[in-house]
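Numbering (my numbering), first residue to last: 75 to 230.
Encoded as structure tokens, the structure appears first; notes follow it.
Okay, structure coming up:
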């Protein structure tokens with residue numbers, strides 16, 4: 075749940091509650107371990123968020139939802155829950171890992187492919203849409219998940 079609170083927006087501060095020291099390495103001897111565990115949990119949640127977003131896109135493409143998609147918004151990787159996590163807490167926790175910059179680039183590529191897929195579907199160009207779906211879109215998605223798992227392996 076904490077992942078979604080951080081991704082979807084800041085919580086209102088409770089002045090009576092003391093600040094959390096989870097990310098403060100001087101706060102407690104086990105704080106680095108806590109940071110590592112939190113990052114690992116966040117990666118699992120990030121993978122789940124990515125899979126849910128893909129399901130929503132497929133629901134749209136297959137006509138199971140009436141909610142429209144704007145290709146310009148789909149193209150923005152920072153507009154999704156995973157994108158906000160990557161550019162926020164995920165970047166803070168994992169930005170020094172060698173796989174992180176590649177993950178950010180692959181995630182942007184995935185969103186570009188998804189936006190192209192939406193544009194082609196909206197234009198009724200189903201043959202080209204299927205090519206993108208089975209090509210760059212699936213490749214980008216699998217790269218995102220593999221790189222997230224690589225980051226997680228680096229934490230353990």
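Cβ atoms here follow ideal geometry from the backbone N, Cα and C, with glycine treated the same way.
Quiz item: So, residue 196 versus residue 211, is the Cβ gap smaller than 8 Å?
Solution: Going by C-beta atoms, residue 196 is not nearer than 8 Å to residue 211.
Exercise. Could you name each continuous alpha helix (DSSP H) segment of 4 residues or more that falls completely within the segment 176-217, going from the start of the chain to the end?
Key: Runs of alpha helix (DSSP H) with 4 or more residues, each lying fully within the segment 176-217, are found at 200-206, listed in chain order.
Exercise. Grab me the residues of residue 224's own chain with a C-beta within less than 7 Å of its C-beta, minus the 5 sequence neighbours each way, in chain order.
Key: The residues are 173.
Practice problem: My understanding is that residue 120 touches residue 159, with C-beta atoms under 8 Å, so please give their C-beta distance in whole angstroms. | Solution: Right, the Cβ-Cβ distance comes to about 5 Å (below 8 Å), so this counts as a contact.
Quiz prompt | Continuous alpha helix (DSSP H) stretch holding residue 151: start and end | solution = Per DSSP, residue 151 belongs to no alpha helix (DSSP H) and is neither H nor E.
Self-check item: Supposed close pair residue 148, residue 192 - CB separation, criterion 8 Å
Solution: A Cβ-Cβ distance of about 5 Å is found for the pair residue 148 and residue 192, placing them in contact under the 8 Å criterion.
Self-check item: Outcome for residue 176 when other beta-carbon atoms lying within 10 angstroms are tallied against a minimum of 16
Solution: It counts as exposed.
Quiz prompt | Classification of residue 146 by the beta-carbon crowding that lies within 10 angstroms, buried from 16 upward | solution = Residue 146 should be labelled exposed.
Quiz item: Just how far apart, CA to CA, sit residue 124 and residue 199?
Solution: Rounded to whole angstroms, residue 124 to residue 199 spans 25 Å at the Cα level.
Quiz item: When the Cα of residue 181 is compared with those of 127, 229, 151, which residue comes out closest?
Solution: It is 151.
Practice problem: Could you name the residues of the same chain whose beta carbon sits closer than 6 Å to that of residue 202, not counting the 5 residues immediately before and after it, in chain order? | Solution: Once the five neighbours on either side are set aside, the close Cβ partners of residue 202 are 194.
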